[in-house]
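The next block holds one structure in the form of structure tokens; read it before the comments.
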Amino acid sequence: MPHQSILFLTGGTGSGKTMALAEILRELESSNLQIGGILAPGRYLDSGEKEFDLELIPGGDKYFLSTRIQYTGWEAIGGFRFNPEAVEAGLKHLLSLSMRDFHLYLLDEIGPFELDDLLWASAIPGLISKQVPMIWTVRQRIIEQVCIKWKIERPEIINLESGQKEKILKKIRKWLKQNLLELS
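Residue 140 is where the sequence shown starts when you use our numbering, and the numbers rise one by one after that.
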């Protein structure tokens with residue numbers, strides 16, 4: 140099997156993983172690259188609790204994904220409630236990506252739920268099989284489990300807590316240039 144080019148952006152909660160991924164996406168939007176994936180930006184409520192949205196790439200469709208507040212019909216998973224419409228749309232979108240040609244996949248927050256075969260887990264094997272470069276956000280403490288589950292060998296890892304924003308973005312751009320010939 141050819142070497143899979145995967146970059147993990149890692150760091151603790153609030154370290155800027157999603158923001159870094161969104162910034163790279165904005166930079167690449169003017170290129171001729173076809174980019175597919177999902178973003179899951181969070182926002183804090185006045186209570187200090189965090190909620191998450193789901194943004195589909197390409198297309199930009201947005202959904203209210205999860206919260207700790209109870210909503211009728213929303214599925215409870217690990218202390219959060221998930222909007223079934225958003226989960227269905229996100230999974231359908233990710234499954235459809237492997238049926239089209241892309242230059243890069245972005246997967247925001249591959250985490251404990253996916254390790255438990257929930258949320259986006261069933262779409263990941265199809266994306267990996269395409270041998271398209273990918274950037275995933277993954278928590279540091281579960282990187283080894285993620286690599287074992289999806290048989291990922293030698294991912295590049297950038298810890299967002301290890302430096303300044305511009306240095307981190309420079310490392311991401313370097314990885315992109317090495318893995319996407321169109322950017323050279």
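For each residue, glycine too, the CB sits at the ideal point set by N, CA and C.
Straight-line Cα distance separating residue j from residue i
i, j, result
"L254", "Q173", "27 Å"
"E305", "T211", "43 Å"
"K313", "Q209", "43 Å"
"E321", "S205", "Because E321 carries a pLDDT of 49, less than 50, the predicted location of this residue cannot be relied on, and the following value inherits that uncertainty. Spanning the two alpha carbons is a distance of roughly 36 Å."
"P297", "G175", "For the sequence presented, residue 297 should be read as Ile rather than Pro. In a straight line, the C-alpha of I297 is about 21 Å away from that of G175."
"F203", "L315", "30 Å"
"G145", "E295", "Residue identity check: residue 145 is Ile in the sequence provided, not Gly. Roughly 6 Å separates the two Cα atoms."
"K201", "L195", "7 Å"
Residues that DSSP places opposite residue i in a beta bridge
i, result
"L204", "L204 pairs with nothing; no bridge assigned."
"N222", "Answer by DSSP bridge pairing: none, since N222 is not bridged."
Identity of the residue in the options nearest residue i by Cα
i, options, result
"W275", "L160, G153, S154", "L160"
"L266", "D256, R278, L245, V277", "L245"
"I249", "I177, Q143, R312", "I177"
"G150", "Q303, N318, M238", "Q303"
"L148", "S301, D256, V277", "V277"
"K269", "I287, P251, R239, I196", "R239"
Residue i - DSSP class collapsed to helix/strand/coil
i, result
"L322", "Because the pLDDT at L322 is just 46, under 50, the model does not fix this residue reliably, and the value given afterwards should be weighed accordingly. L322 falls in the helix class under three-state DSSP."
"T157", "helix"
"E248", "coil"
"R239", "coil"
Whole-number beta carbon distance between residue j and residue i, since they are thought to touch under 8 Å
i, j, result
"S154", "E300", "5 Å"
"G218", "R207", "6 Å"
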